[in-house]
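Undergrad: For the sequence shown, counting from 1, position 4 maps to -7 in my numbering; every step adds exactly one. Glycine included, C-beta positions come from ideal geometry on N, C-alpha and C. Below is a structure I'd like to ask you about.
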Amino acid sequence: MEDFMRERWESNYLLNWDANDMLALLNTWQTADVSAIKDGGDLEKCLGAVKAKGLIMPCKTDLYFTPEDSKVETSYLKSTAKLVIIESFWGHVAGGSSSPDDLAFVQAQVKAFLESE
């Protein structure tokens, strides 16, 4: 994890991102609400109207998109979504190339999801 933080995070984000860009990104994550566009702010109604299948895969340690939030959102999606929690300490970047085990898990879940019904 320390190598990742030093080699990827610091070299990619701290050196190349303006702090205001990061603040704007965080604001989007914290305040974005698809139901504000439709259904008068009723997130349950808005997500309940989704007909597409979805595979929701938060990481157990993701602090941006928490599994707790994903559980609620998935329940609103009725039967159109499947929730699979990635058991990893990599947080928001779980399933990327940092951990071969996480990547294999995500790929297997996506494959199974695409092959279902």
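In the DSSP assignment, the alpha helix (DSSP H) including LYS34 goes from what residue to what residue?
TA: The residue you call residue 34 lines up with position 45 of the sequence shown. Here the alpha helix (DSSP H) through LYS34 covers 32 to 37.
Undergrad: Just to check, is the beta-carbon of LEU44 closer than 8 angstroms to a non-hydrogen atom of the ligand ZN?
TA: The ligand ZN is not part of the structure shown, which contains no ligands of any sort.
Undergrad: Whole-angstrom Cβ separation of VAL39 and THR69, contact assumed at under 8 angstroms?
TA: Here residue 39 refers to the residue found at position 50 of the sequence shown. Here residue 69 refers to the residue found at position 80 of the sequence shown. Going by Cβ atoms, the distance from VAL39 to THR69 rounds to 6 angstroms, so yes, they are a contact pair.
Undergrad: Using the C-alpha atoms, what's the distance from GLY43 back to LEU103?
TA: The residue you call residue 103 lines up with position 114 of the sequence shown. The residue you call residue 43 lines up with position 54 of the sequence shown. For LEU103 and GLY43, the distance between alpha carbons rounds to 10 angstroms.
Undergrad: Consult DSSP for GLY43 and reduce its assignment to one of helix, strand or coil.
TA: Along the sequence shown, read from residue 1 onward, the residue named residue 43 stands at position 54. In the structure shown, GLY43 sits in a strand (DSSP, three-state: E or B).
Undergrad: By Cβ distance below 7 angstroms, which residues in the same chain neighbour VAL23 in space, the five residues on each side in sequence not counted?
TA: Working through the sequence shown from its first residue, we reach residue 23 at position 34. If we look at VAL23 and ignore the five residues flanking it on each side, its Cβ neighbours are CYS35.
Undergrad: Would LYS98 and VAL73 qualify as a contact pair, given that the criterion is a beta-carbon distance under 9 angstroms?
TA: Here the question's residue 98 lines up with position 109 in the sequence shown. Here the question's residue 73 lines up with position 84 in the sequence shown. One detail in the question is off: residue 98 reads as Gln in this sequence, not Lys. Yes, the pair counts as a contact, with Cβ atoms nearer than the cut-off.
Undergrad: Pairs of beta-carbons, one from the segment 44 to 59 and one from the segment 25 to 32, closer than 8 angstroms: are there three or more?
TA: Result no; under three Cβ-Cβ pairs closer than 8 angstroms.
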